[in-house]
Amino acid sequence: MKKLVILAIIATLGVMSCKDDDNGTPTPSGEDLTGIPYDPTPHELTIPPGLPSMEIPADNPLTVQGIELGRRLFYDPILSKDSTISCSSCHLLTRSFNDNTAFPPGVGGLVGNRSSMSLLNVGFQTKGFFWDGRSQTLEDQALHPIENPVEMAEIWDNVELKLRRHADYKQRFREAFGIENSNEITKELAAKALAQFERTLISANSRYDKKKFQQDPDPFLLTDLEVDGQKIFYDDLLGEPGAATGHCAHCHDGGALYSSEVYRNNAITQVASLSDFPDKGLGAITGNLTDNGMFKSPTLRNIALTAPYMHNGMFQTLEEVVDHYVSGGHYADNVVLLSISPQNFTEYDKQALVAFLHTLTDTSYYDNPAFANPFE
Amino acid sequence: MRKFAFLLFLAVFAFSCKDDESPKTPTATVNLHFSATYDGAPFVLFQTLDYPSGNAIRFQNFNFFASKITLLGEGSTTDHLLSAVEFFDFKDNLDLAAAQTPLVRNYENVPVGTYKGIKIDFGVSEESNNAASGNLPTDSPLRQAFASHYWSDWDSYIFMKSEGIYDKNGDGTFDQNDQGFEHHPGMDAVLTSVTKLKSFNLEDGQTFDLDLVADVFNIYVENGVELDLSDPDNQDTQSLSDLPLAERLMGHWEQALQF
Numbered sequence: 000m001k002k003l004v005i006l007a008i009i010a011t012l013g014v015m016s017c018k019d020d021d022n023g024t025p026t027p028s029g030e031d032l033t034g035i036p037y038d039p040t041p042h043e044l045t046i047p048p049g050l051p052s053m054e055i056p057a058d059n060p061l062t063v064q065g066i067e068l069g070r071r072l073f074y075d076p077i078l079s080k081d082s083t084i085s086c087s088s089c090h091l092l093t094r095s096f097n098d099n100t101a102f103p104p105g106v107g108g109l110v111g112n113r114s115s116m117s118l119l120n121v122g123f124q125t126k127g128f129f130w131d132g133r134s135q136t137l138e139d140q141a142l143h144p145i146e147n148p149v150e151m152a153e154i155w156d157n158v159e160l161k162l163r164r165h166a167d168y169k170q171r172f173r174e175a176f177g178i179e180n181s182n183e184i185t186k187e188l189a190a191k192a193l194a195q196f197e198r199t200l201i202s203a204n205s206r207y208d209k210k211k212f213q214q215d216p217d218p219f220l221l222t223d224l225e226v227d228g229q230k231i232f233y234d235d236l237l238g239e240p241g242a243a244t245g246h247c248a249h250c251h252d253g254g255a256l257y258s259s260e261v262y263r264n265n266a267i268t269q270v271a272s273l274s275d276f277p278d279k280g281l282g283a284i285t286g287n288l289t290d291n292g293m294f295k296s297p298t299l300r301n302i303a304l305t306a307p308y309m310h311n312g313m314f315q316t317l318e319e320v321v322d323h324y325v326s327g328g329h330y331a332d333n334v335v336l337l338s339i340s341p342q343n344f345t346e347y348d349k350q351a352l353v354a355f356l357h358t359l360t361d362t363s364y365y366d367n368p369a370f371a372n373p374f375e
Numbered sequence: 000m001r002k003f004a005f006l007l008f009l010a011v012f013a014f015s016c017k018d019d020e021s022p023k024t025p026t027a028t029v030n031l032h033f034s035a036t037y038d039g040a041p042f043v044l045f046q047t048l049d050y051p052s053g054n055a056i057r058f059q060n061f062n063f064f065a066s067k068i069t070l071l072g073e074g075s076t077t078d079h080l081l082s083a084v085e086f087f088d089f090k091d092n093l094d095l096a097a098a099q100t101p102l103v104r105n106y107e108n109v110p111v112g113t114y115k116g117i118k119i120d121f122g123v124s125e126e127s128n129n130a131a132s133g134n135l136p137t138d139s140p141l142r143q144a145f146a147s148h149y150w151s152d153w154d155s156y157i158f159m160k161s162e163g164i165y166d167k168n169g170d171g172t173f174d175q176n177d178q179g180f181e182h183h184p185g186m187d188a189v190l191t192s193v194t195k196l197k198s199f200n201l202e203d204g205q206t207f208d209l210d211l212v213a214d215v216f217n218i219y220v221e222n223g224v225e226l227d228l229s230d231p232d233n234q235d236t237q238s239l240s241d242l243p244l245a246e247r248l249m250g251h252w253e254q255a256l257q258f
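Residue numbers (numbering that gives the first Met the number 0), protein chains in the order written: chain A, 0 to 375; chain B, 0 to 258.
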């Protein structure tokens, strides 16, 4: 009988010790977290000149703890099926939180049919996320890649289990959101944390930012070639006859956002009719025929760092992109034909435009420890 | 003395009641309905339409800012500002049913009285153009349309976007040989104030439908003469050199707005 009692005690202690183990199985009743202090610290964003106000959802205010949790989730491959892919796998800090492949590989090397998008200044966007705008909030956007079979290929139920048995995450979810029990860790809270981190990814320190929005008095901030490119970009020609007009800003303005957040068919796909786009883009979401082949105009901030270009990564260089737009591309009934029509550009015009695009590069955030991988 | 005290109590009670029952200011609700038409017919995007030149035209986008939307009081009724700024976008006018459904804005607590008409500025004010975008309330139409309608090079909002394609070669079809147009007038100089007079009464508790129509045809045609869209000078309003065309198009709001 004594042996039985001792065995029972040992067994009980063994189960209890597993409860806190990172690799343990959560008990059905979860773990009481109320012993961990919950005192979130509000985080105030500083909006640089040229950027608009940012909408912060009332049910997801920015806190130091929420942002830090989001940063950890962003860089942690725990969100993927085989712990090989994190958000940062396709959104690299040194690539404008984008990457350099047409179709970034997901779990098992599988690829989709769209390029990743930059996350810099993503918190200012209000017209939908993804190339096709299918998510209306960052919180919703953050939910999708986890279960996409060509991205993280995981299911949220599993992710929730992994997070609920992870000692550090249990504590961080408690500190960020005040949950009282580890079973209250949900995909919604994880998405909120990711969205909080993403809202802090602000960049506004390119040479053109300094000239246009920070009124930097340095007269040599931009070269003559870059200034000419700026005029082509914004169609700012003051009536010079025959001067090149790029019409670029119709889709890439929005102050320092360099994205007008519009959905356009940019004439890269030749189709017989609007029904024939292999990737219908916005049209697949809205069901409107005239939205077929339309994709969101991405930010041009750091565009020089994010080749290849377009939603399908079909152009390798900025020169190829400019050549495409100058050629006029492929007509379809939903192409806005004035902006995308053959242009009489000289080689100098093309060089100037590409030179201007390089002035939108901001790498100053590279050294921001708040953006960095916390596991390195 | 007891009677006096009782009367005093009653008086105090009566005065206190008076404060509680102060008369409510009579107000009404105004539902502003904004529709778009083309030469009087519902305006449908991507639909082939007749242009006075005899050639066809097709619109792809039409939207605009309306600011300082004000009901003009008559007699003892004072003017009432319904809205500082609104953004009307007819992007969903993709079929007849949608085109027959107006865009609606609701304004509550509008003082009752007799009004003689409405005044609207098409575009936004100089102050709005100069305001720091970082301070805009996130629910403001100026913020919501900031990315798509703030033209950095002018330091101004684009007041109206009218985009489409004109059947330049007159073959009845649209293709790459035809002419696109993008009219994006903006800048302080082209802010256009329009007043339309039509008397109406607002009564206490009433919900009043105020129906406005923007006729796109009248943006482009004046006294039967259309804007020649085959002329390169008339195809866009992007640079300062296009200011005369921007003024011409915005100036047509006087005839385009129907009330």
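Backbone N, C-alpha and C define an ideal beta-carbon position, used for all residues, glycine too.
Alpha carbon to alpha carbon, how far is residue j from residue i? Give it in angstroms, no decimals.
i: Leu12(A); j: Glu30(A); result: Any answer about Leu12(A) is weak, because its pLDDT of 40 lies below 50 and its placement is not dependable; what the coordinates show is given next. Cα to Cα, the separation comes out at about 16 angstroms.
i: Leu102(B); j: Leu68(A); result: 42 angstroms
i: Phe212(A); j: Ala255(A); result: 8 angstroms
i: Gln124(A); j: Leu48(B); result: 35 angstroms
i: Glu146(A); j: Val325(A); result: 39 angstroms
i: Arg142(B); j: Gly253(A); result: 10 angstroms
i: Arg164(A); j: Glu187(A); result: 17 angstroms
i: Ser124(B); j: Asn134(B); result: 16 angstroms
i: Ile157(B); j: Cys250(A); result: 13 angstroms
i: Leu81(B); j: Ser192(B); result: 15 angstroms
i: Thr305(A); j: Ala271(A); result: 31 angstroms
i: Leu236(A); j: Asn217(B); result: 29 angstroms
i: Ile9(A); j: Leu32(A); result: Here Ile9(A) scores only 43 on pLDDT, less than 50, and its place in the model should not be relied on; the value that follows carries that caveat. Going by the C-alpha atoms only, they are around 25 angstroms apart.
i: Asn256(B); j: Phe180(B); result: For clarity, residue 256(B) is Leu in the given sequence; the question names Asn instead. Distance between the alpha carbons of Leu256(B) and Phe180(B): 22 angstroms.
i: Ala141(A); j: Asp81(A); result: 19 angstroms
i: Thr93(A); j: Ala101(A); result: 17 angstroms
i: Asp217(A); j: Lys210(A); result: 8 angstroms
i: Pro25(B); j: Asn129(B); result: 37 angstroms
Determine whether the Cβ of residue i lies closer than 7 angstroms to any Cβ atom of chain B.
i: Ile35(A); result: no
i: Val335(A); result: yes
i: Leu256(A); result: yes
i: Val261(A); result: yes
i: Asn287(A); result: yes
i: Ile46(A); result: yes
i: Gly253(A); result: yes
i: Tyr330(A); result: yes
Chain A beta carbons: is any one of them nearer than 7 angstroms to that of residue i?
i: Gln99(B); result: no
i: Asp174(B); result: yes
i: Leu135(B); result: yes
i: Asp34(B); result: Asp is not the amino acid found at residue 34(B); the sequence shown has Ser there. No, its Cβ sits nowhere closer than 7 angstroms to a Cβ of chain A.
i: Ile218(B); result: no
i: Leu93(B); result: yes
i: Ile157(B); result: no
i: Gln237(B); result: yes
i: Thr151(B); result: For the record, residue 151(B) in the displayed sequence is Ser; it is not Thr. Judged by the 7 angstroms Cβ criterion, Ser151(B) is in contact with chain A.
i: Pro41(B); result: no
With burial defined as no fewer than 16 other Cβ atoms inside 10 Å of the residue's Cβ, what is the status of residue i: buried or exposed?
i: Phe219(A); result: exposed
i: Ser75(B); result: exposed
i: Val261(A); result: buried
i: Phe12(B); result: Low confidence applies to Phe12(B): its pLDDT is 49, below 50, so where it sits in the model is not reliable, and the reading given next is rough at best. The residue is exposed, with fewer than 16 neighbouring Cβ atoms inside 10 Å.
i: Ser363(A); result: exposed
i: Ser28(A); result: exposed
i: Glu107(B); result: exposed
i: Lys161(A); result: buried
i: Gly39(B); result: exposed
i: Gly280(A); result: buried
With 7 angstroms as the threshold, decide whether the Cβ of residue i is near any Cβ in chain E.
i: Leu248(B); result: Among the protein chains of the structure shown, namely A and B, there is no chain E.
Have a look at the DSSP bridge pairing and note the partners of residue i.
i: Ile117(B); result: Leu70(B), Lys195(B)
i: His182(B); result: Ser161(B)
i: Gly280(A); result: Met293(A)
i: Ile84(A); result: According to DSSP, Ile84(A) bridges with nothing at all.
When every heavy atom of the ligand GTP is checked, does at least one fall within less than 6 angstroms of the C-beta of residue i?
i: Ser192(B); result: With respect to the ligand GTP, the structure shown offers nothing to examine, as it has no ligands at all.
Which residues, in chain order, does the stretch 47-65 of chain B contribute to contact with chain A at a C-beta distance below 7 angstroms?
Gln59
Using Cβ-Cβ distances below 9 angstroms, what residues of the stretch 211-239 of chain A are close to chain B?
Lys211, Phe212, Gln229, Lys230, Phe232, Tyr233, Asp234, Asp235, Leu236, Leu237, Gly238, Glu239
Near-chain B residues of the stretch 116-136 of chain A (beta-carbon distance less than 9 angstroms), N- to C-terminal order:
Within the stretch 116-136 of chain A, the residues whose Cβ lies closer than 9 angstroms to some Cβ of chain B are Phe123, Gln124, Thr125, Lys126, listed in chain order.
Which residues, in order along the stretch 51-64 of chain A, keep a beta-carbon less than 9 angstroms from a beta-carbon of chain B?
Pro51, Ser52, Met53, Glu54, Ile55
For the stretch 332-364 of chain A, enumerate the residues whose C-beta is nearer than 9 angstroms to any C-beta of chain B, in chain order.
Within the stretch 332-364 of chain A, the residues whose Cβ lies closer than 9 angstroms to some Cβ of chain B are Asp332, Asn333, Val334, Val335, Leu336, Leu337, Ser338, Ile339, Ser340, Pro341, listed in chain order.
Under 9 angstroms (Cβ pairs) to chain A, residues found in the stretch 178-198 of chain B
Gln178, Gly179, Phe180, Glu181, His183
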